[in-house]
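Here is the structure we will look at.
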Amino acid sequence: LKGIKLYGMAGIPGEEEGDIEGTIAMLETVKKAASGLKITFGCSTFVPKSHTPFQWFGVNEQSKKNLKFLEKQLGKKGINFRPESYNWSVIQALISRGDRRLTKLLELTRNYGDSLGSYKRAFKELKGQLPPLDFYVHQDWNTDQILPWQHLEGPLPQETLIKHLEEAMNYS
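For the sequence shown, position 139 (counting from the first letter as 1) is numbered 139 according to my numbering, and the numbering increases by one without interruption.
Structure below.
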């Protein structure tokens, strides 16, 4: 065994500042316990998905700073840090929570090649024609708000998702 790879997520609803410090401390403990092994920590940013208890939460903008903080702190400790691109997380959230008003954006992006650069190009071309992207990406939504996918039947009823959401938030 040459190394250990661990995975985590930044920006999970209910996350507190101390959670990031706790992650660093845990990884330090692993590094000490597994001396001689290469420790790699992969970290993504929370992205809301439809028909899940956290579908009402947007991407936490603090996540970008937390990823940079983790990178700096873990690098000092000799832990290899592999963050997922925050910008790709924003795009994923846009797609996950978007509605038909984003059709033109998605069509243009596909024509441009489905890269991060193609999204930037499409955003620039459609400037002033799109709804505020913050609404889809970062804004938390109320549980009584009509969601873009609410007309589709998911694996769990809305009431069950709300119950699971409340349980999760009471746990944090």
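The beta-carbon is built from N, C-alpha and C at its ideal position, and this holds for glycine as well.
According to DSSP, is residue i part of a helix, a strand, or is it coil?
i	result
Q135	Checking the sequence, you will find Phe at residue 135 rather than Gln. The answer is helix: DSSP assigns F135 an H, G or I state.
W149	coil
T109	helix
N60	coil
K49	coil
L130	coil
F54	coil
G75	helix
Provide the residue span of the alpha helix (DSSP H) that contains residue i, from first to last.
i	result
L6	Counting along the chain, L6 falls outside any alpha helix (DSSP H), though it belongs to the beta strand (DSSP E) covering G3 to A10.
V30	E17 to A33
L165	Q158 to Y171
F123	L116 to E125
R100	Looking at the DSSP string, R100 is not in any alpha helix (DSSP H), and its letter there is neither H nor E.
Mind checking which residues open and close the beta strand (DSSP E) that includes residue i?
i	result
I39	K38 to T45
R82	N80 to P83
Nearest chain D C-beta to residue i closer than 8 Å, yes or no?
i	result
L74	No chain D appears in this structure, which consists of one protein chain only.
Between residue i and residue j, is the Cβ-Cβ spacing less than 8 Å?
i	j	result
V90	G11	no
L53	L152	Per the sequence shown, residue 53 should be read as Pro rather than Leu. Against a cut-off of 8 Å, the Cβ pair of L152 and P53 comes out as no contact.
State the CB to CB distance for the pair residue i and residue j, rounded to an integer number of angstroms; the pair is presumed to be in contact (CB under 8 Å).
i	j	result
K49	N80	About 28 Å separates the two Cβ atoms, so there is no contact after all.
L147	Q55	7 Å
May I ask you to verify whether the region 72-85 touches the region 104-114, counting CB pairs closer than 8 Å and requiring at least 3?
-> no
Is there contact between the region 126-133 and the region 90-107, where contact requires at least three CB pairs shorter than 8 Å?
-> yes
Using 8 Å as the threshold, is the region 134-141 in touch with the region 30-38, meaning 3 or more CB pairs across them?
-> no
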